[in-house]
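In the numbering used here, the protein residues as written are 1 to 216. What follows is a short report on a single structure.
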């Protein structure tokens, strides 16, 4: 589903980050672990096509992301990648439904209100489509962010520290929800986290900046 080949990335004025030649098959589930500064968010951004590597190749669904010009990369990312940030980052001026509809628009996909309603129903948000983000609880807003990530049935679902600042019950619910929606979308799921509650839910672990013993 995704493949890393000799991937490196350097931010201006910063040290170079080198990533192992990892791969994850379609339908795979994995957690990405490592201390702060080890490159977890950078790797998610590379996999999602938000960053281009300084060297090496990132392939997603058989497509070399570096071979796509910016416009085609944006459309490909919108169709193939769903990204759940640590904070929802919903557009305040849009309704819940329109936040999901925007994801369809940016991916150059037809506006599919039935799909949006189905996603909101699956996430326990039925009837909230006309609300604005400020009218939602923190948990509801996070579910909308997950809905926005999966509305286009992505091949790869990425989540960056989704349980940060959550209590045990909420963390359990979020991880279960991510796994559930990944199954329903037929997506590959990669969750970046330093949270042991998350790490223990995945058999496959990719570790950055730590030894195999620390990752276990």
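Just so you know, even glycine gets a beta-carbon here, dropped at the ideal spot from N, CA and C. These numbers come from a predicted model, not from an experiment.
Using a C-beta cut-off of 8 Å, the region 152-163 makes contact with the region 192-207, since at least three inter-stretch Cβ pairs fall below that distance.
Looking at the backbone, the Cα of residue 142 and that of residue 16 are separated by about 33 Å. Within the region 64-138, the runs of beta strand (DSSP E) at least 3 residues long that lie entirely inside it are, in chain order, 81-84.
In this structure, the beta-carbon distance from residue 82 to residue 133 does not fall below 8 Å. DSSP links residue 59 through a beta bridge to 3 and 64.
Apart from the 5 residues on each side of it in sequence, residue 123 sits with its Cβ closer than 8 Å to the Cβ of 143, 144, 146, 147, 177 and 181 in its chain, given in chain order. As DSSP reads the structure, residue 32 sits in a beta bridge with 192 and 206.
Per DSSP, the beta bridge partners of residue 23 are 3.
Around the beta carbon of residue 72, fewer than 16 other beta carbons sit within 10 angstroms, so the residue counts as exposed. Residue 16 is bridged by DSSP to 10. In the DSSP annotation of this structure, the continuous segment of the beta strand (DSSP E) that includes residue 160 starts and ends at 156-160.
In the DSSP assignment, residue 45 falls within the alpha helix (DSSP H) that extends over 40-47. Excluding the 5 residues flanking it on each side, residue 201 has same chain C-beta neighbours closer than 7 Å at 175, in chain order. Burial check for residue 121: the Cβ neighbour count within 10 Å stays below 16, so the residue is exposed. In the DSSP assignment, residue 174 falls within the alpha helix (DSSP H) that extends over 168-185.
Rounded to whole angstroms, residue 106 and residue 129 show a C-alpha spacing of 19 Å. Exposure of residue 139 is indicated by the presence of fewer than 16 other C-beta atoms within 10 angstroms of its C-beta.
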